[in-house]
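Those letters in the sequence shown? Residues 61 to 576, by my numbering. In what follows, a single structure is set out as structure tokens and then discussed.
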Amino acid sequence: MPSPTIYFDLGETLITGPPSNRQPFSDAISTLQELYARGYQIGLLSDQADGTTVDQVNTRLDDFGFGQFIDPVTISSELPGNVFKPDPQIFALALQKAGHTTASSDTIFITETSSHITAARSLGWRGIVVKRNGGICQLSDGECVNNLDDLLALLPPLNIDLWYRDATDHTGSNVYSGSRFWDSPDLWIRNSDDNGTTHQSPEFGQDNFFHARIYNRGNGIVRDFSAIFEVKEWAGTNFIYPNDYLPFIASASGANLAPGESTVVKARWPAARIPPQDTHACWVSAILADRDQPVVGRQVWRHNNLAQKNLTIVNLLPGDLITIPFRVAHLSSHTSELLRIELHRPRKWKHVAAEFVTTHGNSVEMLWKRGHEVKQQFSNVSGSKYQEGAEVEFLSHTKIRLNTKNSFASTRLNLVPGSRFKMVEFNQQASANNVRLSPVSAELLPSPAGAVIRINPATVAGFTTMSRPLRNESLGLRLHAPQNSKVGDSFTIDVIERNKTNQIVGGIAVQVRIQK
61 MPSPTIYFDL GETLITGPPS NRQPFSDAIS TLQELYARGY QIGLLSDQAD
111 GTTVDQVNTR LDDFGFGQFI DPVTISSELP GNVFKPDPQI FALALQKAGH
161 TTASSDTIFI TETSSHITAA RSLGWRGIVV KRNGGICQLS DGECVNNLDD
211 LLALLPPLNI DLWYRDATDH TGSNVYSGSR FWDSPDLWIR NSDDNGTTHQ
261 SPEFGQDNFF HARIYNRGNG IVRDFSAIFE VKEWAGTNFI YPNDYLPFIA
311 SASGANLAPG ESTVVKARWP AARIPPQDTH ACWVSAILAD RDQPVVGRQV
361 WRHNNLAQKN LTIVNLLPGD LITIPFRVAH LSSHTSELLR IELHRPRKWK
411 HVAAEFVTTH GNSVEMLWKR GHEVKQQFSN VSGSKYQEGA EVEFLSHTKI
461 RLNTKNSFAS TRLNLVPGSR FKMVEFNQQA SANNVRLSPV SAELLPSPAG
511 AVIRINPATV AGFTTMSRPL RNESLGLRLH APQNSKVGDS FTIDVIERNK
561 TNQIVGGIAV QVRIQK
């Protein structure tokens, strides 16, 4: 979709004086410069002598200091017979050149000639008349200014909204409620400057190249923007702007991104900054533009200017195992917080053996105990609605264990005759934020090297723990490549961090590829 377009007349609108000594009005350049920065497309709609070409007019605009701001140029001599304003043909050509299919309030014509303004308005354009030399704007003139810089009060800055996709189904909203936002399809790395579009694991000892695809969902042209790239030499589930984004390793700039368009920018990742082999790093990126900046304290899923690529690719033989160190929670938290660590496996690979193990001196046994000591339960997903179902009455004394959807610890009940339960169900779309958990998710097991938390076979399983103030928690995800896997098999497993309101706040992805 084209941005709103302002077409200016030339003579006595932007320039004045005798034909031999035409000069810009004193406020012409500054007004054009400001409207250009505000995101408008600026064009010229001018009557010219027979034989005059667009290239000749562009040269004149450059001489006046306008050329860098004005495109497209529409002149009468382009039409057979040299059709002057206010003929509808020249207005139709101007619309076509600006990318508009019909005239509207987004197609604006500005001139000092009132009859041309009347004609433009009759064709559906927004017309603004400029009354110079002491002319007085009358109510009958409609929109009217006495000087060009008065236009700035009538033409405010356009909306600027650059964004990354958090996932393939993300449509641009700041708050993304879908799943797997830690593996943005708009970020990828190439090992060489080949402009490839598929993600590669970084190669140590050589330059690599960051790539980012950026979209504009605003209605104004973004004249200048940058993407910054930072790599954390550890896998983590929870990143916050700007703590984890600054300082940055590299940046890439872009310009003149029109509404509805996208562009790819890239930056060199110097060899000296590439983490050593077998480092499981996380990559974060932010888009910075005038009037469009990420909000302090936001995570990727809460601001569309932010994205991350937390994908580790490992190659294993059948029967191999690997431990991926990672961190949960965030250093900026000043209080202990209840959190849920989950493992999400593809249905076909739900029996892949997995454990959480101790790394960097942190004990998974302590994490396990902290979760079991806490009495607080996870709350229901915000906005969930319940539908009542059957009511169960217990006719005799019984003991049961109840596992609920949104509580991660089982409840034991001692029920007397006449006890009743109402059955309810969620009325909401399935997503990663309301997935049903396996009733039996994990168990703490002794090990010669220290206790491990074994994750039971299920598509979704995990355990609850408490974070500590101003700390993140280090864990290791130990994965076993199945003995019966075949060369060429590939599957992706996600580790997800959920907060006490059941909201997913971060995750990492591990793609396992079975090789010879």
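Ideal placement from N, C-alpha and C gives every residue a C-beta, glycine not left out.
Exercise. Taking the Cβ atom as the reference point for each residue, do V388 and G510 lie within a distance shorter than 9 Å?
Worked result: No, the pair does not count as a contact, with Cβ atoms beyond the cut-off.
Practice item. With DSSP as the reference, label I220 as helix, strand or coil. Key: coil
- request: On a CA-only basis, which of Y96, I135, G111 and A569 is nearest L371? Give me that one, please.
  value: A569
field: Extent of the continuous beta strand (DSSP E) run through E94
entry: Not the beta strand (DSSP E): E94 falls in the alpha helix (DSSP H), residues A88 to A97.
Kindly provide the ranges of any beta strand (DSSP E) runs that are 3 or more residues long and lie completely inside the stretch 298-340, ordered along the chain.
310-314 and 322-329
Check your understanding: What distance in whole Å lies between the Cβ atoms of F129 and I613, which are believed to be in contact at a cut-off of 8 Å?
Key -> This structure leaves residue 613 out entirely; the chain is present only between 61 and 576.
Notebook entry, point to check: In terms of alpha-carbon separation, which member of S244, A152, Q260 and D554 lies closest to L537?
Noted result: The candidate whose alpha carbon is nearest that of L537 is D554.
Review point. Taking just the CA atoms, how far does N365 sit from Y224?
Key: 6 Å
- In the DSSP assignment, what are the bridge partners of C342? K292
* Quick one: residues in its chain with C-beta nearer than 7 Å to the C-beta of R333, no 5 flanking neighbours on either side, listed in chain order? => I309
Next item on the list: Tell me, please, which residues DSSP counts as bridged to T134.
Entry: Answer is L105.
Review point. Hey, would you say F523 sits closer than 9 Å to L391, going by beta carbons?
Key: Cβ distance not < 9 Å, so F523 and L391 don't count as in contact.
Review point. Using the rule of at least 16 other Cβ atoms within 10 Å of the residue's Cβ for burial, across every protein chain shown, is S545 buried or exposed?
Key: Here S545 is buried: its Cβ has 16 or more other Cβ atoms, across all protein chains shown, within 10 Å.
On a CA-only basis, which of G111, P506 and D253 is nearest K326? Give me that one, please. D253
* Asked: If you compare alpha carbons, which of T258, M61, S313 and H363 is closest to T162?
  -> M61
Of the choices S261, S527 and K408, whose alpha-carbon is the least far from that of A518?
In terms of Cα proximity to A518, the closest of S261, S527 and K408 is K408.
Does the beta-carbon distance from T173 to W242 come in below 9 Å?
no
*asked:* Rounded to the nearest angstrom, what separates I556 and A227 at their Cα positions?
replied: 15 Å
Please list, in chain order, all residues of the same chain as W248 whose beta carbon is under 6 Å from its beta carbon, the five residues on each side excluded. The residues H259 and H271, in chain order, have a CB closer than 6 Å to that of W248 in the same chain once the five nearest residues on each side in sequence are set aside.
Sort out for me which residues DSSP pairs S286 with in a bridge.
S313 and L348
Note the first and the last residue of the continuous beta strand (DSSP E) segment covering H271.
N268 to N276
Do we get a CB-CB distance below 9 Å when we pair G548 with the residues of chain D?
This model lacks chain D altogether; it includes just one protein chain.
**Whether A154 touches P132 by CB criterion (9 Å)** = yes
| Comparing alpha-carbon positions, which option in P330, P84 and I288 lies nearest G5? | Since the displayed the chain opens at 61 and closes at 576, residue 5 lies outside it and no answer follows.
Taking Cβ to Cβ, would you say R186 is nearer than 9 Å to S164?
-> yes
inquiry  = So, does the stretch 347-360 touch the stretch 276-293, judging by three or more C-beta pairs under 8 Å?
reply    = yes
Check: With respect to the beta strand (DSSP E) encompassing L539, which residues constitute its N-terminal and C-terminal limits?
Finding: E533 to H540
### Task
Report the rounded CA-to-CA distance for A318 versus N516, giving the unit in angstroms.
50 Å
If you check the beta carbons only, do R69 and N207 fall under 9 Å apart? A quick correction: the sequence has Asp, not Arg, at residue 69. Contact: no.
Review point. Do L215 and Y100 have their C-beta atoms within less than 9 Å of each other?
Key: yes
Which of helix, strand or coil DSSP assigns to M526:
strand
Apply the 10 Å Cβ neighbour rule to Q108 and answer buried if 16 or more other Cβ atoms are within range, or exposed otherwise. buried
- Message: Taking the straight line between their C-alpha atoms, what separation do you get for D166 and T65?
- Response: 6 Å
Proximity below 9 Å, CB of T91 to CB of Q83 = no
request  = Out of I347, D115, I220 and P335, state which residue places its alpha-carbon closest to the alpha-carbon of R277.
outcome  = Nearest neighbour of R277 by Cα position, chosen from I347, D115, I220 and P335, turns out to be I220.
Alpha carbon to alpha carbon, what distance is there between S237 and Q489? Only weak support is given to the placement of Q489: the predicted model assigns it a pLDDT of 37, under 50, and the value that follows is read from those uncertain coordinates. Cα to Cα, Q489 sits roughly 11 Å from S237.
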